[in-house]
Amino acid sequence: MIMLTESDLLRILSELGFSSPTPIQLKVFPLVAQRKNVLVVAPTGSGKTESAVVPIMAMIRHYQASPVAAIYITPLRALNRDLESRLVKIGMTLGLRVMVRHGDSSQTQRRKLRQTPPELVITTPETLNYLLVAKGVRDVLRNVRWIVIDEVQEMIDEKRGAELAVVLERVKRLSDWKVQVVGLSATIGDEEAAARFIDPLGEAVVAKVDNLREMDLQEVIPKVTPWEIQSGTNNNLSPELIARLNVMKELIEKERPVLVFTNTRETAEFLATTLSSLFGLKVGIHHGSLSKETRVDAESKFKAGELDALVATSSLELGIDIGSINYVIQYMSPRQATRLLQRVGRSGHRLDRKPRGVIVPGPDTFDVLECKAIIKKAKGGYLERPTLEPNPLDVVAHQIAAMVIEGYRNEEEIFRVIRGAQPFKELTWEEFKEVVNFLDQVKVIRRRNGLEPSRRIWNYFYGTNMIPDSLRKYAIIDVETNSKVGALDEEFAAVLGNDEVFVLAGKLWRVVTIEKDRIFVERTQRKSGLLPSWFGETIPVEREVAKEVYRLLGAPDELDEDTKEKVLDMLHLTKRRGFPIPMEGKLVVEILRDLVVIHSPFGSRGNNTLGALISQILTERKGIKASYKVDPYHIAIASIIPVTREDIHAILNELRRDEREVLTTILERAIAESPQFKWKMIVELQRFGVIDRDAEVDVNSSILKVYVDSPVGKEAVRELLYRDYDVSVLNELRDVEDVVVEAPSPSPFAGDFLERIFADVSDERRGLTELMKRRLSTKEVKVICISCGWHAVYRAGEIPDKCPKCESVFLSVTDPYDNESHKLVKKALNNEKLKSEDLRRLKELRKVASLTVDYGKYAAIALSARGVGPSNLDRVLSKLRSGGEDAFYQAILEAEKNFLKYKRYWQT
């Protein structure tokens, strides 16, 4: 075969208006011309799109390849809009046609693809999947010789990427030609994995230029002046926030147009509104929840120079063309080095211009340190590695259905095609058969002469995709006022279950019930033994960044003066109060009554793993559920039953000692008992075809239990395991020393963390419960040892854990003026004959003793209340397990109300 020369490619570039090829183009042109599979790694603005498309189009013209000769795949439809104009221009120069085909394409455009197909089609992964089963389109796809995959880094660790990998294998088998694949990627932490994604045989060549172009990148920590204090008072905002906003205003006025990135839609909305209203700036907004028209309008205005700044989330991280960007502001930590480089790289969108940007951190000390750590790691070449889930079974199910529609009938052949894709290299025949059997069971496919389509298969295939559905919102309804108090995205709502407590708008709420798209709540207060859910960033901070943050804690001289002063103050206060200093190589554990705080430098997923394992082991050993919450630097664990120093040492040693498989099994049990699992089950029920995509199923539906042990349940656990946890952290735990301290109150570092969890709440009804707790805890009760007959009077909240005479834990509780029960116990111990009435009373005393073993002082507190006795004591105490102290005292309150209400009937 005649290969294109470099001079041919340079001539074509000249015709397109390029004065000379860019460094990445010089590397990629000959590789593509030699028909090699290539992974192109280069920053935004380096010309990597042309590096692939120009030689491919030149070869299409040279060989007069029949259409459709090439497919260009992008993850976002918005990228299709930009690419179409660029690629149409290249095509016109070479006399070739380019067409966009995605889900919004008109019937006319769809008909054109069948009747007068272009040489190159721009599409999305999902649309290509549908095109492979479309009548009339399959025939033209037999001509495909080249495939370009844009933004590989965005798909490699997602299920839609795993599905695309199988779709690529199907295209290769359908085509009459050997298909060449070129992948385009910006910054990526695992080039080898990306290369195997586009070429599972491992023959792809990596061509790259330095992704870490010299950047003008810094962190700005604004100072508070009297002006900020006065402005904050006038605008009902904190002076610190006003200072950050003012710094951003000055940068925007100096550098406009400026692209401002933040991590959440809520923060983006706040910044756009506040910068406009406070300073009169022209600021647009861009995020995934906005309509396509609103986003396009914002892009157009920015490109036309009508905006001073555009505030965006990750929706503008990729290469959507919004014109020249002079400067980038990252508001608060970007959480990851990869994201920082991607975002700041949007400025200076040419190789002859240096990317420039600044991070404006939040007020929290750890946010400031995190920003410093990320800048340092990024400049040092560190990039987060993608997290890959092997063999996602829901993708297997969807691709089986697709291939059956396409005409595949033989199970072994379908298995070979799926196994040909890199994400499924380790898929076993047994796993594959289990999915096939399940699809047959739920009537997606039928087994007759091989596998055949059912009537349900079409609705399942077209109604299912692997794009995370994060646009669904849940209204938060206060049951007392029946008013809406807020809304949560599904990714946040997924951590909630009935009776779960969470923080919203600085207040604590308890979930009463969840119905369809509404979550009914009531105001509550902190429950002893339980932690509230809180909704921070969903972008994980990896352990390498977390470790650098801990290193910076121990190296304050590397910090700016203000941050250094804050850190030194916290360090001095921590030492003065006798707490060990959190640092690398140490796991500092604080035991604080019903709370345990662990200072853990293992990042979001590492800490999530340790928190889940420790709380699950505590739950299984003590019989009462322990809860936990984490951030990248801390773990908080709460339990009604006190956690001792010995408990913590024993569990940490077990985590160091046990085999990973054993601990993974414990972790999977914890995942299966989490609220997230129920929400994930609903998603997987849709992805496996059990329910339709628009079916209204809530987290309390009994259908979830039916499929827990099926491939649906297995995949729900696996996806959460690979996405939110990191079992490899257990290897590092073996090299870390744990230091456990018991204290009546938290250290300064732990206090800051707990304050973020619980928020600054003021519950108007807190007084009632506190009064009841004080009243009942100070009432006197008589404690009787069932084992030896010892007895004494104590306050209910201060009863001993065991008998001071014989050390038995079998202690019963009765009225302080009861002078008969301890005599009855003595008679029983002496084997004296008892009357039937005495036997009944002895049985009650023993029942109370057994409950005291499990619940300790709470049994005595409950018995101190009117309307609580041996007959209903276990019911009242059970509320501790299900709802914590709030539910316990509420049950006592109801018992007292009932006692007063029906007292006259009991007395007659």
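Here full-length UniProt numbering is used: the first residue of the sequence shown is 1, the next is one more, and so on. Every residue gets a Cβ at the ideal spot worked out from N, C-alpha and C, and that includes glycine.
Residue i versus residue j - alpha carbon distance
{"i": "Pro200", "j": "Pro711", "result": "26 Å"}
{"i": "Asp557", "j": "Asp210", "result": "31 Å"}
{"i": "Ser627", "j": "Asp594", "result": "11 Å"}
{"i": "His822", "j": "Pro746", "result": "42 Å"}
{"i": "Thr664", "j": "Ile651", "result": "15 Å"}
{"i": "Asn459", "j": "Gly867", "result": "58 Å"}
{"i": "Cys803", "j": "Ile784", "result": "8 Å"}
{"i": "Glu737", "j": "Ala337", "result": "28 Å"}
{"i": "Glu295", "j": "Ile375", "result": "One detail in the question is off: residue 295 reads as Arg in this sequence, not Glu. Distance between the alpha carbons of Arg295 and Ile375 is about 30 Å."}
{"i": "Ala487", "j": "Ile476", "result": "5 Å"}
{"i": "Val567", "j": "Ile90", "result": "56 Å"}
{"i": "Tyr474", "j": "Asp694", "result": "15 Å"}
{"i": "Phe270", "j": "Tyr327", "result": "20 Å"}
Per-residue DSSP class, three states only, for residue i
{"i": "Lys779", "result": "coil"}
{"i": "Ala421", "result": "coil"}
{"i": "Arg446", "result": "strand"}
{"i": "Gly183", "result": "strand"}
{"i": "Phe810", "result": "coil"}
{"i": "Leu290", "result": "coil"}
{"i": "Asp818", "result": "coil"}
{"i": "Lys484", "result": "strand"}
{"i": "His102", "result": "coil"}
{"i": "Asp139", "result": "helix"}
{"i": "Trp679", "result": "helix"}
{"i": "Cys785", "result": "strand"}
{"i": "Gln109", "result": "helix"}
{"i": "Ile476", "result": "strand"}
{"i": "Arg304", "result": "Arg is not the amino acid found at residue 304; the sequence shown has Ala there. Three-state result, Ala304: coil."}
{"i": "Ala298", "result": "helix"}
{"i": "Thr44", "result": "coil"}
{"i": "Trp429", "result": "helix"}
{"i": "Thr664", "result": "helix"}
Residue burial classification, residue i (beta-carbon count within 10 angstroms, cutoff 16)
{"i": "Ser728", "result": "exposed"}
{"i": "Leu251", "result": "buried"}
{"i": "Cys806", "result": "exposed"}
{"i": "Leu839", "result": "exposed"}
{"i": "Arg196", "result": "buried"}
{"i": "Arg831", "result": "For the sequence presented, residue 831 should be read as Asn rather than Arg. Exposed, because fewer than 16 other Cβ atoms sit within 10 Å of the Cβ of Asn831."}
{"i": "Gly463", "result": "exposed"}
{"i": "Leu113", "result": "buried"}
{"i": "Arg343", "result": "buried"}
{"i": "Thr262", "result": "buried"}
{"i": "Leu83", "result": "buried"}
{"i": "residue 919", "result": "Absent from the structure is residue 919, since the part of the chain shown begins at 1 and ends at 908."}
{"i": "Ala555", "result": "exposed"}
{"i": "Val404", "result": "buried"}
{"i": "Thr609", "result": "buried"}
Own chain partners of residue i with C-beta closer than 8 Å, once the 5 adjacent residues on each side are dropped
{"i": "Ala859", "result": "Val813, Val848, Leu851, Thr852, Leu873, Leu877"}
{"i": "Glu370", "result": "Ser333, Arg335, Pro361, Val541, Val545, Val549, Pro632"}
{"i": "Phe677", "result": "Ile671, Ala716, Val717, Leu720"}
{"i": "Glu522", "result": "Asp478, Val479, Glu480, Trp509, Arg510, Val512"}
{"i": "Pro800", "result": "Val783, Tyr794, Leu811"}
{"i": "Leu132", "result": "Arg138, Leu141, Val167, Arg170, Val171, Leu174, Ala402, Glu406"}
Close Cβ partners of residue i (< 7 Å) along its chain, the five nearest in sequence each way excluded
{"i": "Gly95", "result": "Arg61"}
{"i": "Phe366", "result": "Val549, Tyr633"}
{"i": "Ala373", "result": "Val545, Glu548, Val549, Leu552"}
{"i": "Phe899", "result": "Arg866, Gly867"}
{"i": "Val224", "result": "Pro239, Glu240, Ala243"}
Nonlocal neighbours in the same chain, by C-beta distance under 6 Å from residue i, ignoring five residues either side
{"i": "Leu863", "result": "Val813"}
{"i": "Gly288", "result": "Ser315"}
{"i": "Ile682", "result": "Val697"}
{"i": "Lys159", "result": "Pro392, Val395, Met466"}
beta-carbon residue i near the ligand COA non-hydrogen atom, thresh 7 Å
{"i": "Arg244", "result": "Because no ligand of any kind appears in the structure shown, any question about the ligand COA cannot be addressed here."}
Segments of 4+ residues assigned as alpha helix (DSSP H) that fall wholly inside the stretch 714-752: 729-733
Which ranges would you report for the beta strand (DSSP E) in the stretch 200-283 if only whole runs of at least 3 residues count? 205-208, 216-219, 258-261
Restricting to runs no shorter than 4 residues, where is the alpha helix (DSSP H) found entirely within the stretch 533-558? 543-553
Runs of 4 residues minimum, wholly inside the stretch 602-629: which ones carry the alpha helix (DSSP H) assignment? 603-622
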